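> Just dropping this structure here.
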């Protein structure tokens, strides 16, 4: 039972991270389209932010592994 | 036209290799003497397996895999570290085992003493240690000979329930008796129910060997590049120098200078470049099919050491303002200051923790995805019973595996870059002057 709950929790965490990374990616592509000359900076910031969002999801997944 | 032919050739080769892998594995999971219908696939190695099977039955043990294909166990076996470097289940390069037990002292020998065979199980025990699925384990039973080399039968395991959790206990068969093995140490160090072994394994394992290999390769490449810069000032870069120069310049101009500042970046450049190339090299080496197959950057121990290094460097190079922002945040009401200090102290440890988890998680997830897609062959093919399903599964799994490998190639670069850029940003935040 706990295993199932943990799996559901991991899935929820991934949904959250997916929404977050999707927002980051979409917005930064919009920004690059608007200002192509700033694409280098935007790409750097995009990867950095995506990494932060991913970090939160990874903590959730690790906790779900621990509690399963 | 040329390109299409090349792609087709690669595709065919992959299908062939996947099929041969399938056969390999289908007899993998019948190696316990339950089913001998696949004997035609194998050469001399199978005799040893038959041998193993008989012992198994003599022990009255349950089959190691029960004839069923277990995707989880297979994936875990393939991503874990081993004391023998196996290439395609055919070539086994022995590696040195350095073991220390409090009651026994040091044991240093090559892992060929275990006579590793199929599935990286050792056919022999040495000084009371056995090789089970690539990992050195110690036999608990006291009647087991603790000196010298003895031949053992197969391995079995039983599932028992401890505190509501299913745990599997391994046994080795020796002279018809089942002897219990110590469980492998798990990364939680026993806190959350894992086991702790009674010996320290300081061996040069597969992962350590890959690390040493990558370090040697990169040492010579970078020595060569450095000499090329010394000798040919003002000349155009040549060879591998022109491949790596843009990468080094990218790390300097896009990572180091923006985060660390133009006047202070030079001190941290060696660290950032080492982190980047170490991670990148091992990521890529882990993706070489068959030959590499090591999961170095995907193992938490390796990334933990990297993260601890970054943590120490960040906190030792932190200046007055950095500590002030952590312990007594300026510019906020006094009532909020202790609360912020707690949060900042937590984030001080969470930063390296996520650094560790991100790299290991990404690389391991990619490897598990590939192994699961390859596992489709056995699931569809019913472990070699269903030819049609196996064929469909092979085609499907080759396409998915190629797709996944392409993604993993991107991930290898991105994760190396992310680790570097995050380290740079943490160090940058620590050495920032007051503004």
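Residue numbers (our numbering), protein chains in the order written: chain A, 4 to 71; chain B, 419 to 853.
Think of the CB as a built atom: it goes at the ideal place given N, C-alpha and C, for glycine as much as any other residue.
All values reported here derive from a predicted model rather than from experimental measurement.
Name the chain B residues whose beta carbon is nearer than 7 Å to that of residue 54 (chain A)?
In chain order: 776, 836 and 840.
> How would you label residue 561 (chain B), buried or exposed, when you count the other beta carbons within 10 angstroms and need 16 or more for buried?
Its Cβ having fewer than 16 others within 10 Å, residue 561 (chain B) is exposed.
> I'd like to know whether the C-beta of residue 450 (chain B) is nearer than 8 Å to at least one C-beta of chain A.
Low local confidence applies: a pLDDT of 39 at residue 450 (chain B) is under 50, so the model's placement there is unreliable, and no value is given.
> I'd like to know whether the C-beta atoms of residue 669 (chain B) and residue 838 (chain B) end up nearer to each other than 8 Å.
Yes, the pair counts as a contact, with Cβ atoms nearer than the cut-off.
> Does chain B have any CB closer than 8 Å to the CB of residue 40 (chain A)?
Not one chain B Cβ lies under 8 Å of residue 40 (chain A).
> Pull the bridge partners of residue 776 (chain B) from the DSSP assignment, please.
Beta-bridge pairing links residue 776 (chain B) to no other residue.
> Against chain A, does residue 797 (chain B) count as a neighbour if the rule is that its beta carbon must be under 8 Å from one of theirs?
No, its Cβ sits nowhere closer than 8 Å to a Cβ of chain A.
> For residue 739 (chain B) and residue 686 (chain B), what's the separation of their Cα atoms in angstroms?
For residue 739 (chain B) and residue 686 (chain B), the distance between alpha carbons rounds to 19 Å.
> Quick check on residue 451 (chain B): does DSSP put it in helix, strand or coil?
Note on residue 451 (chain B): pLDDT 37, under 50, position unreliable in the model; no value is reported.
> Can you look up residue 651 (chain B) in the DSSP assignment and give me helix, strand or coil?
If DSSP states are grouped into helix, strand and coil, residue 651 (chain B) belongs with coil.
> Step through the CB atoms of chain B and report whether any lies within less than 8 Å of the CB of residue 58 (chain A).
Yes, its Cβ sits closer than 8 Å to a Cβ of chain B.
> CA-CA distance, residue 22 (chain A) and residue 746 (chain B)?
Whole-angstrom Cα-Cα distance: 35 Å.
> Determine, for residue 23 (chain A), whether the minimum Cβ-Cβ distance to residues of chain B falls below 8 Å.
Not an interface residue.
> Could you pull the start and end residues of the alpha helix (DSSP H) that residue 496 (chain B) belongs to?
Segment 489-497, the alpha helix (DSSP H) holding residue 496 (chain B).
> Taking residue 727 (chain B) as part of the alpha helix (DSSP H), name the residues at either end of that continuous run.
That run of the alpha helix (DSSP H) goes 718-735.
> Relative to the C-alpha of residue 658 (chain B), which candidate in B:642, B:534 and B:575 has its C-alpha closest?
The shortest Cα separation from residue 658 (chain B) among B:642, B:534 and B:575 belongs to B:642.
> Mind checking which residues open and close the beta strand (DSSP E) that includes residue 618 (chain B)?
Per DSSP, residue 618 (chain B) belongs to the beta strand (DSSP E) from 617-619.
> Just tell me which of B:487, B:506 and B:664 has its CA closest to the CA of residue 854 (chain B).
This structure cannot settle anything about residue 854 (chain B), because the visible part of chain B is limited to 419 through 853.
> Give the secondary structure of residue 695 (chain B) by DSSP, where H, G and I count as helix, E and B as strand, and everything else as coil.
Helix at residue 695 (chain B).
> Closest by CA to residue 828 (chain B), which one among B:844, B:502, B:701 and B:558?
Residue 828 (chain B) has its Cα closest to that of B:701, out of B:844, B:502, B:701 and B:558.
> What residue from B:552, B:555 and B:545 has the CA that sits closest to residue 566 (chain B)'s CA?
Nearest C-alpha to residue 566 (chain B): B:545.
> Please look up how many angstroms separate the CB atoms of residue 548 (chain B) and residue 557 (chain B), rounded, as I've assumed it's under 8 Å.
Their Cβ separation, rounded to whole angstroms, is 6 Å, which keeps residue 548 (chain B) and residue 557 (chain B) in contact under 8 Å.
> Where does the unbroken beta strand (DSSP E) through residue 595 (chain B) begin, and where does it stop?
Unbroken beta strand (DSSP E) run through residue 595 (chain B): 595-598.
> What's the C-alpha gap between residue 833 (chain B) and residue 646 (chain B)?
Whole-angstrom Cα-Cα distance: 29 Å.
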